[in-house]
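Just so you know, we're using the numbering used here here: the sequence shown kicks off at 134 and counts up by one.
Glycine included, every Cβ here is placed at the ideal spot set by N, Cα and C.
Computed from a predicted model, the values in this text were never measured in an experiment.
What follows is a short report on a single structure.
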Amino acid sequence: MKYCPNCGFKLASDYKVCPQCGYHLPQKKSATAAVTKEIKSQHLSRVQAHQHQQAPLTSPLLQYLNWLKHNLITVSLVVLLVILTYIYVGKIISVVVAIGMIIWGYIFANHQAAPLDAKLKLMFRHVEHEEETKVQRVLNTKTNTKVRDATIPVPVQPPKYQTVKTTSRRSWIVSFLAIITWSTSYWPGFFADNSLGVAIGWNSPTVPSLSQMIRQAIMYLNFNFHLQINPSLGLWLLALGPVIVLLGSLMPSRFGRKLAVRGAIVSVIVYLGGLAILKMALSWGSRYLQLPTVNLGSSGYVAIFCVILMLILTIIAKYRQR
Numbered sequence: 134m135k136y137c138p139n140c141g142f143k144l145a146s147d148y149k150v151c152p153q154c155g156y157h158l159p160q161k162k163s164a165t166a167a168v169t170k171e172i173k174s175q176h177l178s179r180v181q182a183h184q185h186q187q188a189p190l191t192s193p194l195l196q197y198l199n200w201l202k203h204n205l206i207t208v209s210l211v212v213l214l215v216i217l218t219y220i221y222v223g224k225i226i227s228v229v230v231a232i233g234m235i236i237w238g239y240i241f242a243n244h245q246a247a248p249l250d251a252k253l254k255l256m257f258r259h260v261e262h263e264e265e266t267k268v269q270r271v272l273n274t275k276t277n278t279k280v281r282d283a284t285i286p287v288p289v290q291p292p293k294y295q296t297v298k299t300t301s302r303r304s305w306i307v308s309f310l311a312i313i314t315w316s317t318s319y320w321p322g323f324f325a326d327n328s329l330g331v332a333i334g335w336n337s338p339t340v341p342s343l344s345q346m347i348r349q350a351i352m353y354l355n356f357n358f359h360l361q362i363n364p365s366l367g368l369w370l371l372a373l374g375p376v377i378v379l380l381g382s383l384m385p386s387r388f389g390r391k392l393a394v395r396g397a398i399v400s401v402i403v404y405l406g407g408l409a410i411l412k413m414a415l416s417w418g419s420r421y422l423q424l425p426t427v428n429l430g431s432s433g434y435v436a437i438f439c440v441i442l443m444l445i446l447t448i449i450a451k452y453r454q455r
C-alpha cells in the first residue's frame with residue numbers, strides 16, 4: 134500500500150495515477166536497467182580505447198614494419214639469401230631477388246600477417262603428439278546369450294574410436310648422407326683421370342674435384358661463347374639438393390619428409406642426370422672430334438651411391454610415417 138503525495142488518498146501498490154485527484158505518481162527506476170546501462174557504457178569505452186590503440190597499425194606500411202620487427206629470423210634468412218646470391222650468382226640477380234622478397238613480404242604481412250618465426254621454430258622442434266585416428270572395431274554379431282535368473286546380461290561395447298600415439302623423429306642417417314654428398318663435390322678424384330680436364334684447359338697432373346671441374350667448364354664456355362655466367366653457379370646447383378634434404382631431415386613433420394624427398398630428387402637429377410647428359414654429349418661429339426671418355430673415380434662412386442641411397446631412405450620414411 135502507498136498514499137498519494139498530493140491528497141493523501143490510500144492507493145494500491147500498482148497504481149500509477151491517483152483516482153481521487155488525478156496526480157501522476159513518480160515511477161522508480163529499475164536497478165537492473167541502471168546496472169545494464171553502466172555495463173554497456175563501460176564496454177563501449179573499452180572498445181573505443183582498443184580501437185584508438187590499434188589505429189596506428191591500420192597503415193599497410195606500419196603493419197609491414199611491425200611484421201618485420203616480430204619476424205627477425207625470417208628477415209635474417211632473406212638477407213643471407215640475398216648476400217649469397219650477390220656473391221655467387223651476380224649483382225643483377227641479387228637485386229631482383231631482393232626486390233622480389235620485399236614485395237612478397239609486404240603482400241604477406243598485409244594479407245596474412247602470420248608469425249613465420251613461430252612456424253620455423255615449430256618445424257625444427259621435436260614434438261610427440263597424439264592423433265585420434267578413427268579405428269572402428271567390428272563387433273561380432275553372432276553372440277550367444279545365456280539366460281540366467283530371468284535376466285539378460287547387456288554386453289559392454291568397446292569404444293568406437295581409439296587414440297593412437299604417433300611420434301615424428303629426425304632422420305639422422307639421411308642428414309649424414311646429405312653432408313657426405315655435398316662434401317664429395319670437393320673431394321679430388323671424382324673422375325678416374327684428368328682427360329676431360331685437359332680438354333677444357335685444366336692442365337694439372339692431379340685429378341680435380343667435381344667443383345673445380347664445373348668451375349673450369351663454365352670459364353671455358355664463357356671464353357669460347359662470350360657468355361657471362363658466374364663460375365660459382367655450379368656450386369649452387371651441386372649444393373641445392375643436399376641442402377634441401379638436410380633441412381627436411383631436421384624437421385620432424387610431414388612437411389619435412391616431403392621436403393627431403395624433393396631434395397633427394399633434385400640431387401638425382403643434378404648428379405645422375407648431369408652425368409648422363411655429359412656421356413651422351415661426348416659420345417655424340419666423338420663422331421666428329423677426338424673427345425675424351427668419362428669414367429668415375431672413387432669420390433664419384435661415393436657420391437652416386439649416397440644420392441641413390443638418400444632417395445630410397447627418404448621415400449621409405451615418407452610412406453612409413455603415413
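* To do: Can you give me the Cβ contacts of Leu442 inside the same chain, cut-off strictly under 8 Å, excluding the 5 residues immediately before and after it?
  => Leu310
* To do: Would you mind sorting Gly389 into buried or exposed? The rule is 16 or more other CB atoms within 10 Å of its CB.
  => buried
* To do: Could you name the residues of the same chain whose beta carbon sits closer than 8 Å to that of Tyr197, not counting the 5 residues immediately before and after it, in chain order?
  => Gly238, Tyr239, Ala242, Asn243
* In terms of residues, what are the limits of the alpha helix (DSSP H) holding Ile312? -> 305 to 316
* Asked: How big is the Cα-Cα spacing for Ser419 and Pro425?
  -> 8 Å
* Asked: Among residues of its own chain, excluding the 5 on either side of Leu366, which ones have a beta-carbon nearer than 8 Å to its beta-carbon?
  -> Tyr221, Val222, Ile351
* **Cut-off 6 Å between Cβ atoms - residues of its own chain near Lys149, not counting five sequence neighbours on either side** => Leu158
* Bounding residues of the alpha helix (DSSP H) (the contiguous stretch that carries Pro193) -> 193 to 202
* Taking all protein chains shown into account, decide if Ala436 is buried (16 or more other Cβ within 10 angstroms of its Cβ) or exposed. => Looking at its Cβ environment, which holds 16 or more other Cβ atoms inside 10 Å, Ala436 is buried.
* To do: Using three-state DSSP, classify His244 as helix, strand or coil.
  => helix
* To do: Measuring alpha carbon to alpha carbon, tell me which of Thr339, Lys224, Trp320 ends up nearest Ser328.
  => Thr339
* Closer than 8 Å by C-beta to Ile306: which residues in its own chain qualify, once you throw out the five before and the five after it? Chain order, please. => Only Leu446 meet the Cβ criterion.
* In terms of DSSP beta bridges, what is Tyr136 paired with? -> Beta-bridge pairing links Tyr136 to Lys143.
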